[in-house]
């Protein structure tokens, strides 16, 4: 079993109001690099920033790392278009940072990254893979891909109030710029992700496709962004069983309709609740209030812990330790 | 504790007769990439080759992986100038493949890689690091660095018969091309490694230096190449304790004088014997006959196993499993 974290960027995240990943917009470009470091080392290393939302919600990478410190798992970070250096080792598939989807060709590296990631996925010797993502602005590009494919495009948000109106406006503008009608890229997944997506979606879909081709069990570890990956796979002719593992926060997000979209795409969903509600903890309360919700494989990691019989209380204790370490690192860098 | 594997290349390896790392000279460039994959995944993934010497000696990466499968340890691969893609995640410090040391400026990226690696080493949160290498031709560049620094330059070899005469000729030609007398780069380690070394030596020395600066315990995991790293550190003014962990095969190599050079450089040496002598095993016999000897952290990994109380018999059993897997992979790719 191996967790593959695809980390990258899209300039779509710079549209004001779309993303809560990282407090300072100027530093948001470092979030995926820092997330990869937190999963790998337990704290930021090269990244000058600890990803925390404006209201103090830590990155969900802290939960994934907490599970790792409890359970242990192998992981590999795939460069899905990182805009900043990271101290985590990264596998290269040719993905470059994605542009704003309101441009006509924001992700020209998507088709190549999809194919290179597919070859990588084919060759991985693991029996089981969890594929996770870190890309600020990723729910908007997920919506873009779902709309381009003609699938239901109700996506979640890292913000407590989902800015769906802004997302829809950005996606509509993007479809116009790409000369696409909704559904205009149906059965053309590379076109959909190149014109309306981001390099992380392309890379994650490619690696999942390659792994599935060689009978590796794949769990898409994430929320509605990973549903967009599932949609890309379905529109590429993949008819195998697809599993998705996410958090209770995404499942409870009425603006997203995870269950409905998953049903449409024939995706089996596992939902895990870390039990953060009602805990008097500064790192847990924001999640309980609906921030962040998911990302960096949080829901998949929680599902791993549950499957291994690790009590959620143990995950929470580990999370509190990781959180304290991140606060210390934040003080050091501040 | 983390194992840092610095993997890279030097065109010096293309000089006929210098290196046994990889049977086919045309495929030797893939050896460090494959070594990184073997440590990370237990077998080659993207690499089209299983590193085996002309006489059938498997890469020492198989021993390091065997210890990993027995003991478990975290690892990170640093790109010290890889010439071929690898499926192992790699950290970038700006190192590019090294040229032949008979050129006047074979490693122009060495000073920058040294500094970037040093910053990376400074920021790593580990208490303890093992720094390992994979670079075919690396004992010749190690000799080049030791000669440029004016240190005793008796180096080991991956071949049973150390081609010292050829190495000395290449190094002499390199010193001439660089306008250096022996000792001409004393106290100028970046100059020594840029003109007479390889990007792996520069990167390994940089990361070790940075880690030592922040009170991380560093073990140089390797043979005479790692003595060249120690020499670079001493000539950069590092007066802290330096530890080196290597195999009984390097320690027993009379052509190399590990103990003497280590004494000159004030390096504490740990020697570990995997007990391959007298075993009727096709993967162990070549080591017992003096092939390969060390590399990819083999001696350091064996020392970790011993320290953890893992019996060498268990390491050998694990090695036999890894070896069989590599043979299967070799059949698949052949």
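Chains as they are written, first to last, in this note's numbering: chain L, 128 to 461; chain V, 128 to 461. Heads up, the beta-carbon is just placed ideally off N, CA and C, and yes, glycines get one too. Quantities reported herein were computed from a predicted structural model and do not represent experimental measurements.
Can you check DSSP and say which residues form a bridge with residue i?
{"i": "residue 129 of chain V", "result": "V:201 and V:256"}
{"i": "residue 297 of chain L", "result": "Beta-bridge pairing links residue 297 of chain L to no other residue."}
{"i": "residue 261 of chain L", "result": "L:134"}
{"i": "residue 343 of chain V", "result": "For residue 343 of chain V, which the question treats as bridged, DSSP gives no partner whatsoever."}
{"i": "residue 185 of chain L", "result": "L:179"}
{"i": "residue 398 of chain V", "result": "V:373"}
{"i": "residue 218 of chain L", "result": "L:205"}
{"i": "residue 348 of chain V", "result": "V:372"}
{"i": "residue 225 of chain L", "result": "L:137"}
Have a look at residue i and residue j and give me their C-alpha separation to the nearest angstrom.
{"i": "residue 141 of chain V", "j": "residue 264 of chain V", "result": "8 Å"}
{"i": "residue 461 of chain L", "j": "residue 181 of chain L", "result": "Summary for residue 461 of chain L: the model assigns pLDDT 47, below 50, so the residue's position carries little reliability; its value from the coordinates is reported in the next sentence. Near 15 Å, if we compare the C-alpha coordinates of residue 181 of chain L and residue 461 of chain L."}
{"i": "residue 282 of chain L", "j": "residue 386 of chain L", "result": "11 Å"}
{"i": "residue 132 of chain V", "j": "residue 164 of chain V", "result": "11 Å"}
{"i": "residue 90 of chain V", "j": "residue 335 of chain L", "result": "The first residue shown for chain V is 128 and the last is 461, placing residue 90 of chain V beyond what the model contains."}
{"i": "residue 428 of chain V", "j": "residue 255 of chain V", "result": "13 Å"}
{"i": "residue 441 of chain L", "j": "residue 194 of chain L", "result": "9 Å"}
{"i": "residue 455 of chain V", "j": "residue 444 of chain V", "result": "17 Å"}
{"i": "residue 433 of chain L", "j": "residue 382 of chain L", "result": "27 Å"}
{"i": "residue 417 of chain V", "j": "residue 374 of chain V", "result": "11 Å"}
{"i": "residue 392 of chain V", "j": "residue 351 of chain L", "result": "58 Å"}
{"i": "residue 384 of chain L", "j": "residue 438 of chain L", "result": "28 Å"}
{"i": "residue 286 of chain L", "j": "residue 267 of chain L", "result": "12 Å"}
{"i": "residue 389 of chain V", "j": "residue 397 of chain V", "result": "11 Å"}
{"i": "residue 304 of chain V", "j": "residue 269 of chain V", "result": "17 Å"}
{"i": "residue 200 of chain L", "j": "residue 252 of chain V", "result": "19 Å"}
{"i": "residue 279 of chain L", "j": "residue 310 of chain L", "result": "10 Å"}
{"i": "residue 462 of chain L", "j": "residue 403 of chain L", "result": "Examination of residue 462 of chain L is not possible in this model, given that chain L is present from 128 through 461 alone."}
{"i": "residue 469 of chain V", "j": "residue 302 of chain V", "result": "The first residue shown for chain V is 128 and the last is 461, placing residue 469 of chain V beyond what the model contains."}
{"i": "residue 246 of chain L", "j": "residue 153 of chain L", "result": "35 Å"}
{"i": "residue 168 of chain V", "j": "residue 175 of chain V", "result": "15 Å"}
{"i": "residue 422 of chain L", "j": "residue 363 of chain L", "result": "24 Å"}
{"i": "residue 424 of chain V", "j": "residue 239 of chain V", "result": "24 Å"}
Do residue j and residue i come within 8 Å of each other at the CB atom, strictly closer than that value?
{"i": "residue 313 of chain L", "j": "residue 271 of chain L", "result": "no"}
{"i": "residue 226 of chain L", "j": "residue 333 of chain L", "result": "no"}
{"i": "residue 186 of chain L", "j": "residue 162 of chain L", "result": "yes"}
{"i": "residue 348 of chain V", "j": "residue 241 of chain V", "result": "no"}
{"i": "residue 202 of chain V", "j": "residue 258 of chain V", "result": "no"}
{"i": "residue 372 of chain L", "j": "residue 426 of chain L", "result": "yes"}
{"i": "residue 274 of chain V", "j": "residue 298 of chain V", "result": "yes"}
{"i": "residue 158 of chain V", "j": "residue 325 of chain V", "result": "no"}
{"i": "residue 218 of chain L", "j": "residue 214 of chain V", "result": "yes"}
{"i": "residue 420 of chain L", "j": "residue 377 of chain L", "result": "yes"}
{"i": "residue 321 of chain V", "j": "residue 237 of chain V", "result": "yes"}
{"i": "residue 208 of chain L", "j": "residue 331 of chain L", "result": "no"}
{"i": "residue 222 of chain L", "j": "residue 135 of chain L", "result": "yes"}
{"i": "residue 210 of chain L", "j": "residue 233 of chain L", "result": "no"}
{"i": "residue 408 of chain V", "j": "residue 447 of chain V", "result": "yes"}
{"i": "residue 262 of chain L", "j": "residue 220 of chain L", "result": "no"}
{"i": "residue 339 of chain V", "j": "residue 361 of chain V", "result": "no"}
{"i": "residue 470 of chain L", "j": "residue 359 of chain L", "result": "Nothing can be reported for residue 470 of chain L, as the shown portion of chain L is limited to 128 through 461."}
If you compare alpha carbons, which of the options is closest to residue i?
{"i": "residue 399 of chain V", "options": "V:411, V:362 and V:431", "result": "V:431"}
{"i": "residue 306 of chain V", "options": "V:231, V:449 and V:134", "result": "V:231"}
{"i": "residue 288 of chain L", "options": "L:130, L:157, L:452 and L:413", "result": "L:413"}
{"i": "residue 337 of chain L", "options": "L:285, L:303, L:250 and L:258", "result": "L:250"}
{"i": "residue 458 of chain L", "options": "L:154, L:177 and L:146", "result": "L:177"}
{"i": "residue 284 of chain L", "options": "L:436, L:135 and L:145", "result": "L:145"}
{"i": "residue 342 of chain V", "options": "V:221, V:435, V:369 and V:394", "result": "V:369"}
{"i": "residue 179 of chain L", "options": "L:424, L:447 and L:410", "result": "L:410"}
{"i": "residue 401 of chain V", "options": "V:390, V:394 and V:415", "result": "V:415"}
{"i": "residue 395 of chain V", "options": "V:435, V:363, V:345 and V:139", "result": "V:345"}
{"i": "residue 143 of chain V", "options": "V:290, V:435, V:422 and V:317", "result": "V:290"}
Less than 8 Å between the CB atoms is what I'm expecting for residue i and residue j, so what's the real figure, rounded?
{"i": "residue 353 of chain V", "j": "residue 260 of chain V", "result": "7 Å"}
{"i": "residue 212 of chain V", "j": "residue 160 of chain V", "result": "6 Å"}
{"i": "residue 192 of chain V", "j": "residue 449 of chain V", "result": "5 Å"}
{"i": "residue 170 of chain L", "j": "residue 406 of chain L", "result": "The Cβ separation is near 22 Å, so there is no contact."}
{"i": "residue 308 of chain V", "j": "residue 229 of chain V", "result": "In fact, because the Cβ distance is near 16 Å, the residues do not count as touching under 8 Å."}
{"i": "residue 204 of chain L", "j": "residue 216 of chain L", "result": "7 Å"}
Would residue i pass as an interface residue toward chain A - the criterion being a Cβ-Cβ separation below 8 Å?
{"i": "residue 403 of chain V", "result": "The question asks about chain A, but that chain is absent: this structure's protein chains are L and V."}
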